[in-house]
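Protein chains in written order, with my numbering: chain A, 9 to 192; chain B, 137 to 902; chain C, 59 to 308.
Yeah, the Cβ is synthetic: ideal placement off N, Cα and C, and Gly gets one too.
None of the values given here were measured: they were computed from a predicted structure.
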Amino acid sequence: MSEYENISKLLDVLSTCFSFPDKSFWTDELFDIIDILSKDFDIKCSASPLRPNLKELQAEYTRLFINTGVGKIVAPYASVYLDDIGLLCQEGLDEAISFYRKAGLYPLPSSEPQDHIMHELSFLARLIEKNNWELLCEFLNHHLMKWFPSFYSRLLEAKPICFYEQVAKITNLILSQAREEVCK
Amino acid sequence: MKRRDFLKLSAATCATLAGMELERKGLFSPLNAEAAVEKGLPGSLGAKEIPSVCEMCFWHCPIVGKVKNGRLVKIEGNPKSPTNGHRVCARGNSGIQLLYDPDRTKYPMKRVGPRGSGQWTRISWDEALDEIAYNIQKTQKKYGPHSIALFDHGIASEFYKEIFKALGTENYSNEPCFFQCLGAVSLAYAVTYGYQVKERVDFENAKVMLFFGTHYGENIEVSNIRQYIKGLQRGAKLIVVDPRFSAAAGKADIWLPIRPGTDVALLIAWINYVIENNLYDKDFVETNCYGFDKLKKAVKGHSLEWAAKICDLKVKDIKRAIDLLVANKPHVTIHPGRHSAWYGKTDVHRHRAMAILTAIIGAVGVKGGLYFPTPIHIKKKLECLECKNKRKFVPPETSLRDDYPFAYFFPGTPTDAIIKATITGKPYPIKLWGVTCVNLLQTIADPYQTMKAIENLDFIFTSEILPTEPAIWADIVLPEANYLERYDAVYKNTDLYPYVTVRQPVVKPMFEAKSPYWIAKQLAKRLGLEMFECESEEEYLNEMLASINLSLEKLNKQGGIVTFKAHPYKDPKEEWDLNTDSGSIQLYMDSFEDNDLDPVPKYEPIPAQPKGYARMVYGRSPVHTFSRTMNNLWLHNECPQNMLWINDECAKRMGLKTGDIVTMENQDGYKSLPIAVKVTPGIRPDTVYLPHGFGSRSPKLTKAYLQGASDQFMNTYYVDDPFFGGSSHRTNFVRLIKDGKVLEFPELRPIPPEIPRYKIQKKSNA
Amino acid sequence: MGQYAMVIDLNKCVGCHACALACRAEWGVPVPYHRSWVDRLGPEKTPKGMSYTFHPALCNHCDHPICVEACVAEPVEKEFTDPKTGKKVKMMVKATYKHPFTGIVLVDKDRCLGCGACAVACPYGARYVDKTKAKPVVDKCTFCFERLEHGEEPACVKTCIADARIFGDITDKNSEVYKLVHEKGAVPLVTKDIDLGPNVYYLGQEKDIFLLKKLCSPKKTPWISQNLEAPARRELLKTAAKKLLDFEKA
C-alpha cells in the first residue's frame, strides 16, 4: 500500500471501532491493531489494559455512546455539539451531508444519523482514496474539528475502558496531525 | 495543498494494516441522482405538512408536522381541526425535542448490572423479544396464569393489553390512570349518568362555572381552555374551590380557599341548601332523577354554617357562591374534574356530590351544562387483530378485585393489589411485569414499595420512548417509536365539535425504534398467539375507517380530519332512558348500599395535619406533562425545576423567603430532593403545593435527573379507595429542613374537633 | 407609514407559554436565549385583589428604539420598499434599524458586530447576543417580518391557544389593535422615566395590570457604563445616553 493508503485504511479501522461491536464483523484483529497503534504513538491507558470480551465491549459501548446518562453525554454526532445545544439531526447533520454530496457520495442507509463519528471518519478515508485533499481539509476545518474536540474530551471524562480510550486518543492524534501538517 | 505522509507508521503496523480484511469497507455509495434540497422560505414556511395527532399529553389535539429536508422543523395544530385549529400548546410545540433528544431510547437493551443501576447492553430485537416471550411462558408455567401483570397507559398500550388478556391473566391491564388518577370521577359520574362523562361540560355557553381544584392555565387541555375562555369572555362567572390561588382562581369571581379534605362537606351543605330552599329544578328531578327523597333525607341538617366550620370558609362566601350558581341554573358548568385520586376515602363521594348537584339544578343536557357525547361508530373489533386462540380465562380462587366491589368497572386489576401481591405472594404470586407508557415510580403511590416489588420479580420488561425510571429497573428495555414516528389508532372526538382523525408518522422511526403494533405482533407470534394478522397498521386503520366510509387516502385528501355535527343536548321535559340502574339519573345508589358503601355522599373527616406539618398537594405545570417532559430541551429550559408554594404568613414565621432551598420531610421520615421555596399569599397556611413530575431518579435522563423534587416520593402513606382500589395521593404531610435545621409549620388556622389529626407512626426510611 | 403593534389580552391569556415555544421552534432560537418569553407573576396581593397573572413578553418595536441609537456600526444607505404600495425610500441605517413602512425593528446580521451594546441598552431585555454561533451577532423578535411578507401571521399569534394575542397595524383606525388601545384601554409598559413608545400593549383585570406594571415595567439599564474598546463607540453611547437622560425628570 502507498503511504496515504495506510492512513485511509486506518481511518476505516477507527470508523469500525466507533460502531457498535456486533459479532457479525468484530474480530480480535481490531483489538490487535489498536494495541499496535497505541505502541506506535506511545498511548498509555489510565484504565486497566485488560482486553474485554465481546459482551463486555458491547456493554461499554452502550454505556458510552447509546445512553450515557448524567454527566455530559458522549453522543457521537456532530449535531449534538454544533449550533443548537445538544440535539440530534440538526444543522450538524445538514452540514455533514452537504460535504458528502460535494464529494459525490451518499451515505448508505443506517440506523444511525449520518453525522455519527463512524460516518465522518469513513468519509475522510474515502476522500484520501480519491486524493481529494482540498475537500478533506475543508471538512476538517469547517466541520469535524469544530465538534470532535468536545466529543473527545467528554469521552475521556466518561472514563472509558482502555480499548475505547486508545481508539479515542489515536483518532484525536490523526485528526490533529492531519489538520496541523496537511491543512495549514 | 500538498498531501504529505503526515503519520509515521512503523513497518510492522503497515504490514498489519495491509493484511486486515474489514467486513465493512465504507459507509458510502456514489451519489447518483441529485435529490433536490429544499431551500428558500424562511422559518417553517414552505414545509411539507403531514396531519397527525399529538401525544405530548393525553388530550390528543390534531396536529400537522412540518417537515423540511426530511427534518421535522415545526408542529402546529391541524388547521382543519374544529377544536384547536392551527394552535398547539407549549408541549405540542416542543414535540420536536422529544424526537431529537439524544437521551431517547434507540435500541433494545438488556440489563447487565443490578436492577435500578441502569447498566445495559444493546441487543438485537430478536434476542429481546425471544427473552420476553420465554420469560412470560416460563412464569405462567411455574406460577399460574395470573402471575403476569401489565402496567399500561394510553393508546400505544392497546396491543400489549390484548396480548396479556389473551394469555388469560386477570392482570392484563393496570392503568394507573384509573387507579392512581381518574378512577373516582369516572366511576362516580358513570354510575350517576350512565355514560363516560369525562369533562363534557359546555363552558362556552355557561353563565357560571364551578371548579373544584381544576386549574386551567397550569393544567392545559387546549380545546377545553378555548371554550372556557370563550365562556368567560361572554360574561360567565367563575367560582374556584381550591386551597391554592391557582391560575384559574386568578380569573375567578369567587375563590373559596377550602381546607383540604372537606370538599364533600361543602357539596353536601350546598345540596341541602338547594333542596331546603326549593331552589332545585322540580320538573327535571321528577322526570329524570331517581332517589330524590332519599337524597333529601340523607343531606338534611347539613347547614352552610356547619360546612363553613368544617371547610374553614366564611358562610357569606359559601352562600354567595351557591346563590350565584342557582340564580343562573340550568346553564351552569360544574366541572367534573379529572385527576381525582386525592384522599382515597371520600373521592367517589366528592364527585358523586358534584354530579348530584349538577342534576338537581337541571344543568344536564342543556346549553352551558353537562352534555352528552355524539356517537360515532367506528369498528374496533377487527378480524385481523382478534386473537383466534386466546386462552380460556380461569378466574383465580381469590381475585385481586375481590376487596373492591366496583373494581370490575375498570379493565384489569388495581395497581396497589398487584404491587402487594408481588411482594407478599398473596393471594397468589405475581412474578412478571410488563410496563408500557407509564412511569411507575413517579405515578404510583409509595415508589419505595414499588421498587421493593420490582426486586421480587423474576422478570420485568418495559417499552419506552425515553429511558425513564422503569427502564432503569427493567431487565429488557424496548425502544418504542414515539408519536411522531408511528401510526396509532383512529381518534374520534365525540364532544361539542366532533371529528375523526388518525395518528400518522410524520418522520421515519430513528435508530431501531419500532411501533407498538410491530412489537406486539412480533411478541404475539413468539407466544404462539394467533393475533395481529394485519400486515401493517395501514391495513387495520383502513378497515376501521371503512366503517365511516373513509380510508387513509380519503382522509388525507380532506386534510387528515373529518368533522361531524354534534348532538350534545337533550330535551329536559322528556323522560330520558339512561344506561343507569334505574334508567334515570341516580341521585341514590342502591348498588353502593348493597356493598356496604354509602349510597349518598356522606362527609367523613379526612385526618388533618399533625402539629408542625402541612399537607402536601400537587398539580400541573403548563409546560410539562406529568413526568414525561422534564428531559425535553425546550420545556426543561422553560421550567427546569419545580418550586414549593408556602403561605407567606408561615414563611415569615419560619424565616423563609422565595428562592430558599429546603428539603421536605414527610410524616414517615422520608426526605425529598432539595427544592426552592415560593412564598405567596396564594395558598393556605396548612398546605404546601408543588407541580408534579419533577425529581427524576433516572440518571439516563441527563437534563431531568434530580431536577426539582418529586411529590410521588413523598407519597408514602396512602389510603385505598374502598370502591375500586385506587390509591390516594394527597394524604401526606411534610415539614421542612433548611440548612440541616427542622422548620415546623405554625398552626395558623384552627382545626375543629370534628376533624381528627393524623397520628404519626414510625416507618423505616428507604 | 404603518406601525405593526400587538395587544396581549390577559383576560384571555392562561399563561401556557405556547407563544414562547412556537417562536423558538419557528426561528430555531437556541436555548438558553429567547426572542419571546413569559414571566409568571404572583399570586400576590394588590390594592385591587389577589392577582396571579402573566407577562408574555417580546420586543416592543418602540417608536423611539434606543437600541438603534446604541448601535455602533457604520451607517450605510439601504433601500426599502413598501409591501403595500411598492413605494421606495432610501435611508442611512446602522446594523439595526426601524423599518420605515412597518415600524418593525430589525437587525442586519451581516453587518452586526456582535458588540451587544443594543442588547444592554434595551430596558425590556428583548435582545440577546447569540454566542452559540461561530460569529456571534444579536438576535431578537422581528414580529415575524419574514412571515408577514408571505401573508402569514406571527408564529406566537398563530399558536396562542386562547387567541389572546392580537396583531395588526395600529395606524389603521379600523384594526382591532387600534380599537383595543384607543377604545378598550390596552396599556403599554412604560414608566414616567422610560417611555420609548413601545408598540406592545396589555389588556386585563385591574389587579393584573397593577401587578404587571409593578413587576415588569422597563428598567433603567446600565448600558451607559458599558466598557467598550473604541473611544468612538463610547462617544456615540454618551450621545445616546444624553437622550435617555432627557427622559428622566430631575
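Under the Cβ distance rule, A:His127 counts among the residues neighbouring chain B, one pair being separated by less than 8 angstroms. The shortest CA-to-CA distance from B:Pro238 to any of A:Glu128, A:Glu165, A:Glu120 and A:Ser32 is the one to A:Glu120.
Across the stretch 222-246 of chain C, CB contacts with chain B closer than 9 angstroms involve Ala222, in sequence order along the chain. In the DSSP assignment, B:Glu185 is bridged to B:Lys202.
For A:Pro60, there are no C-beta contacts with chain B under 8 angstroms, since the nearest C-beta of that chain is about 12 angstroms from it. By the rule that beta-carbons nearer than 8 angstroms mark a contact, B:Gln369 touches chain C. The DSSP assignment places 576-579, 583-591 and 605-609 as complete runs of the alpha helix (DSSP H) inside the stretch 558-617 of chain B, in order along the chain (cut-off: 4 residues). Contact annotation for C:Ile219 against chain B: Asn220, Arg223, Val224, Cys225, Ile356, Val358, Ile361 and Arg362 [CB-CB distance below 8 angstroms, chain order]. Using a Cβ-Cβ cut-off of 8 angstroms, C:Ala115 is close to nothing in chain B; its nearest Cβ partner there is about 14 angstroms away.
Within chain C, the residues whose beta carbon sits less than 7 angstroms from that of B:Phe381 are Pro101, Met108 and Tyr110, listed in sequence order. By the criterion of at least three beta-carbon pairs nearer than 8 angstroms, the stretch 461-471 of chain B is not in contact with the stretch 588-605 of chain B. Within the stretch 199-217 of chain B, the residues whose Cβ lies closer than 8 angstroms to any Cβ of chain A are, in chain order, Asn205 and Arg207.
Closest by C-alpha distance to C:Leu206, out of C:Pro141, C:Gly243, C:Thr229 and C:Tyr91, is C:Pro141.
If you keep only unbroken alpha helix (DSSP H) runs of at least 4 residues inside the stretch 610-694 of chain B, you get 652-662, 673-682 and 688-693. A:Lys63 reaches chain B at Val248 and Thr257, counting residues in chain order whose Cβ is nearer than 9 angstroms.
Per DSSP, B:Thr149 lies in no beta strand (DSSP E) segment; the continuous alpha helix (DSSP H) that holds it begins and ends at Ala147 to Gly155.
Separation of the CB atoms of C:Asp67 and C:Ala222 is rounded to 5 angstroms, and the pair is thereby assigned contact status at 8 angstroms.
In the same chain as B:Lys588, and ignoring 5 residues on each side of it, the C-beta atoms closer than 8 angstroms to its own belong to Ile559, in chain order. Annotation for C:His113: the continuous beta strand (DSSP E) segment containing it runs Gly107 to Ala115. Taking a C-beta distance under 8 angstroms as the contact criterion, C:Lys278 and C:Asp251 qualify as a contact pair.
Assignment of A:Asn61 by DSSP, reduced to helix, strand and coil, places it in the coil class.
B:Gly254 sits close to A:Gly77, with the two beta carbons spaced by under 8 angstroms.
Distance check between B:Lys184 and each of B:Cys190, B:Met192 and B:Val200 places B:Val200 closest, using alpha-carbon atoms only. The beta carbons of C:Ala63 and C:Tyr182 sit no closer together than 8 angstroms. Taking 8 angstroms as the cut-off, the beta carbon of B:Thr572 is found no closer than this to the beta carbon of B:Ser832. Between C:Gly161 and C:Val196, the C-beta spacing is not below 8 angstroms. By the rule that beta-carbons nearer than 8 angstroms mark a contact, B:Val337 does not touch chain C. For C:Val163, the enclosing beta strand (DSSP E) begins and ends at Val163 to Val165. By the rule that beta-carbons nearer than 8 angstroms mark a contact, B:Tyr564 does not touch chain C. At least one CB of chain B lies nearer than 8 angstroms to the CB of A:Ile41.
Taking every protein chain shown into account, the CB of B:Ser672 has fewer than 16 other CB atoms within 10 angstroms, so this residue is exposed.
Note that the C-beta distance between B:Ala744 and B:Phe881 is not below 8 angstroms. Under DSSP, B:Tyr754 forms a beta bridge with B:Leu826. Note that the stretch 846-857 of chain B does not touch the stretch 126-146 of chain C; fewer than 3 beta-carbon pairs, one per stretch, sit closer than 8 angstroms. Counted as a single uninterrupted DSSP element, the beta strand (DSSP E) harbouring C:Gly226 occupies residues Arg223 to Asp227. The residue from A:Glu13, A:Asp36, A:Leu18 and A:Phe73 with its alpha-carbon nearest to that of A:Ala166 is A:Phe73.
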